[in-house]
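Accompanying notes for the structure given below.
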Amino acid sequence: QPWKHRSTRPSPIWSASRRAAVEAGRSPSAEVISDVVGTSALRLGRDGVDLEGARLTRDLLGFGDLTAALSDPTVTDVLVNGDGRVWMDRGLGMELAGVRMAQGELRPLAVRLAGLGGRRLDDAQPWADVDLPGGIRLHAVLPPLVRGGAHVSLRIPRVAPAGVDDLVRLGMVDEAMAAILVAMVASQCSFLVCGGTGTGKTTLLGGLIALCPTNERVVLVEDVAELRPSHGHVVHLQGRPANVEGHGLVTMTDLVRQALRMRPDRLVVGEVRGAEVRELLAALNVGHAGAGTVHANGVAALPARLQALGALAGLSREAVDGQVVTGLDVVLTMGRDGPTRRVIDIGVVGSEDARVVVRSAVSRAHPGTLVRGPGWDRLVEVTGLESPP
Numbered sequence: 477q478p479w480k481h482r483s484t485r486p487s488p489i490w491s492a493s494r495r496a497a498v499e500a501g502r503s504p505s506a507e508v509i510s511d512v513v514g515t516s517a518l519r520l521g522r523d524g525v526d527l528e529g530a531r532l533t534r535d536l537l538g539f540g541d542l543t544a545a546l547s548d549p550t551v552t553d554v555l556v557n558g559d560g561r562v563w564m565d566r567g568l569g570m571e572l573a574g575v576r577m578a579q580g581e582l583r584p585l586a587v588r589l590a591g592l593g594g595r596r597l598d599d600a601q602p603w604a605d606v607d608l609p610g611g612i613r614l615h616a617v618l619p620p621l622v623r624g625g626a627h628v629s630l631r632i633p634r635v636a637p638a639g640v641d642d643l644v645r646l647g648m649v650d651e652a653m654a655a656i657l658v659a660m661v662a663s664q665c666s667f668l669v670c671g672g673t674g675t676g677k678t679t680l681l682g683g684l685i686a687l688c689p690t691n692e693r694v695v696l697v698e699d700v701a702e703l704r705p706s707h708g709h710v711v712h713l714q715g716r717p718a719n720v721e722g723h724g725l726v727t728m729t730d731l732v733r734q735a736l737r738m739r740p741d742r743l744v745v746g747e748v749r750g751a752e753v754r755e756l757l758a759a760l761n762v763g764h765a766g767a768g769t770v771h772a773n774g775v776a777a778l779p780a781r782l783q784a785l786g787a788l789a790g791l792s793r794e795a796v797d798g799q800v801v802t803g804l805d806v807v808l809t810m811g812r813d814g815p816t817r818r819v820i821d822i823g824v825v826g827s828e829d830a831r832v833v834v835r836s837a838v839s840r841a842h843p844g845t846l847v848r849g850p851g852w853d854r855l856v857e858v859t860g861l862e863s864p865p
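According to my numbering, the sequence shown is numbered sequentially starting from 477.
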């Protein structure tokens, strides 16, 4: 196995030279590692210097023993528990990665990775949620909030679809459903992508943003940057946690308000999960085309989920329902079939007895077969499909 356990004990070369480097005020960097390894060039030889430099870079600047698992193109998540066991997801559920870290190694790893993303992680700020260089998303929590050692969760962005062709290639949609999505984006429908964790909501949203005309200005709001859409005019706003004194917090609600002042043709909220739903619904009701993702188990569960989020912003159920009916058009539901993430249902928003409902318009029983539902005629109307598949 490429992720077979390797010792993470400090190199004798680094251990012997670290004191001098520290006393000189030098922290680990590519230059410091090169200097330290270079002092043993006569003993190591050219190949030995290269190998030792690569190992130290991996252990002191990179992901250490997690490097091999993160390099596997099929891995989407790597999780390190406080007992030192490392788990990974290659599309078939969690499995042990064959690497076990000592508890004493976990906190230094978590603190160092948070530092790479410009975030503080210590007893005063015992968790961090940060975007690392290269797009990997880190979440880390320190004891005593968790048992054992630090817990580290890494999510790896594997694909950035450049449009509907990439979505078809990935198996997220077939040709018939792709035609519906193209019409949906072209008609400037407002839509949400819903589904469970790891079902591909963000990947689908990125592919749909890439379909937007290049003369449209897309303002993208995220708590932690995950979306990197292939589009020529994207303005990216990202939230910020408070510092240890409790100052400097920038919430998603703040960012959505700022985004509305930046003349967006499309307002995209990477994940709707709190009070920012109020500002998003308000924007959808004053002429802005919008999109986003939300955790919900399907079209039937979405109204209750939006009502719960609206309650966080002080909105009544009636207020949420009214704004959803008049501002939101289409709901896409993602599902997971082994390693493949797929659009399994497209629904349309309507009302019944003064309450919001989402009716299935078309679902995919299996690849290549679409089943029309009660919302089909409404879907054709809002998307302007000229030749329905």
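Cβ coordinates follow ideal geometry from the N, Cα and C atoms, glycine included.
Discussion item. Using DSSP's beta-bridge definition, name the partner residues of Arg781.
Written reply: For this step, residue 781 is matched to residue 305 along the sequence shown. Under DSSP, Arg781 forms no beta bridge with any residue.
Discussion item. Helix, strand or coil for Gly671? Go by DSSP, reduced to three states.
Written reply: Numbered from 1 along the sequence shown, position 195 holds the residue referred to as residue 671. It is a strand residue.
Fill in: Arg835 - partner residues in DSSP beta bridges
What you label residue 835 is simply residue 359 of the sequence shown in a count that begins at 1. Under DSSP, Arg835 takes part in a beta bridge, and its partners are Val824.
Worksheet entry | Coarse secondary structure for Gln601, derived from DSSP in three states | Numbered from its first residue, the sequence shown carries residue 601 at position 125. Per DSSP, reduced to three states, the secondary structure at Gln601 is coil, with no helix or strand assignment.
Worksheet item: Roughly how many whole angstroms lie between the Cα atoms of Pro689 and Gln664?
Response: What you label residue 689 is simply residue 213 of the sequence shown in a count that begins at 1. What you label residue 664 is simply residue 188 of the sequence shown in a count that begins at 1. Whole-angstrom Cα-Cα distance: 10 Å.
Fill in: Proximity below 7 Å, CB of Leu582 to CB of Gly625
Taking the first residue of the sequence shown as 1, we reach residue 582 at position 106. Taking the first residue of the sequence shown as 1, we reach residue 625 at position 149. Against a cut-off of 7 Å, the Cβ pair of Gly625 and Leu582 comes out as a contact.
Worksheet entry | Below-7 Å beta-carbon distance, Arg704 vs any chain D residue | The displayed structure is made up of one protein chain only, and chain D is not part of it.
Worksheet item: From this set, Leu618, Ala655 and Leu788, which residue's C-alpha is nearest Arg754's C-alpha?
Response: Locating residue 754 in the sequence shown gives position 278, where the first residue counts as 1. Of the candidates Leu618, Ala655 and Leu788, the one whose C-alpha sits nearest the C-alpha of Arg754 is Leu788.
Worksheet item: Arg817 and Gly676: beta carbons closer than 7 Å?
Response: As a working mapping, residue 817 is identified with position 341 in the sequence shown. As a working mapping, residue 676 is identified with position 200 in the sequence shown. Here Arg817 is near Gly676, since their CB atoms are less than 7 Å apart.
Discussion item. So, for Trp603: in the same chain, excluding its five sequence neighbours on each side, which residues have a beta-carbon less than 8 Å away from its beta-carbon?
Written reply: Residue mapping note: residue 603 aligns to position 127 of the sequence shown, counting from 1. These residues qualify, in order along the chain: Leu597, His615, Ala616, Val617, Leu618 and Leu621.
Practice prompt. Could you say if the region 762–771 and the region 709–725 meet the contact criterion of at least three C-beta pairs nearer than 8 Å?
Written response: Result no; under three Cβ-Cβ pairs closer than 8 Å.
Worksheet entry | Extent of the continuous alpha helix (DSSP H) to which Arg733 belongs | For the purposes of this step, residue 733 is taken as residue 257 along the sequence shown, with counting starting at 1. Segment Met728 to Ala735, the alpha helix (DSSP H) holding Arg733.
Worksheet entry | Neighbourhood of Val801 by C-beta distance below 8 Å, restricted to the same chain and skipping five residues each side | Position 325 of the sequence shown, counting from 1, holds the residue named residue 801. Cβ contact annotation for Val801 (same chain, cutoff 8 Å, sequence separation greater than five): Val825, Gly826, Ser827 and Val832, in chain order.
Worksheet item: With contact counted as at least three CB pairs below 8 Å, one residue from each stretch, are the region 772–787 and the region 802–810 in contact?
Response: Counting C-beta pairs with one atom in each stretch, the region 772–787 and the region 802–810 have three or more that are closer than 8 Å, which means they touch.
Fill in: Among Arg693, His707, His709 and Ala777, the one whose alpha carbon lies nearest that of Val669
Start at 1 with the first residue of the sequence shown, and residue 669 comes out as number 193. It is Ala777.
Discussion item. Val649 and Ala819 - do their beta-carbons sit closer together than 7 Å?
Written reply: Indexing the sequence shown from 1 puts residue 819 at position 343. Indexing the sequence shown from 1 puts residue 649 at position 173. A quick correction: the sequence has Val, not Ala, at residue 819. Yes, they are a contact pair.
Discussion item. With a threshold of 8 Å, are at least 3 pairs of Cβ atoms found where one atom belongs to the region 702–712 and the other to the region 650–658?
Written reply: No: the two stretches stay apart, fewer than three of their Cβ pairs being nearer than 8 Å.
Discussion item. Given this structure, state the Cα-to-Cα distance separating Leu572 from His627, to the nearest angstrom.
Written reply: As a working mapping, residue 572 is identified with position 96 in the sequence shown. As a working mapping, residue 627 is identified with position 151 in the sequence shown. Distance between the alpha carbons of Leu572 and His627: 15 Å.
Discussion item. Just to confirm the assignment, what range does the alpha helix (DSSP H) spanning Asp642 have?
Written reply: Taking the first residue of the sequence shown as 1, we reach residue 642 at position 166. Annotation for Asp642: the continuous alpha helix (DSSP H) segment containing it runs Val640 to Arg645.
Practice prompt. Determine the contact status of Val695 and Pro740, defining contact as a CB-CB distance below 7 Å.
Written response: Your numbering for residue 695 matches position 219 in the sequence shown. Your numbering for residue 740 matches position 264 in the sequence shown. For the 7 Å CB-CB criterion, Val695 and Pro740 form a contact.
Discussion item. Taking the alpha helix (DSSP H) that Ala586 belongs to, which residues open and close that run?
Written reply: Against the sequence shown, residue 586 aligns to sequence position 110. Counting along the chain, the alpha helix (DSSP H) containing Ala586 begins and ends at Gln579 to Leu592.
Discussion item. Mapping the DSSP letters down to three states, classify Gln664 as helix, strand or coil.
Written reply: The residue you call residue 664 lines up with position 188 of the sequence shown. Gln664 falls in the coil class under three-state DSSP.
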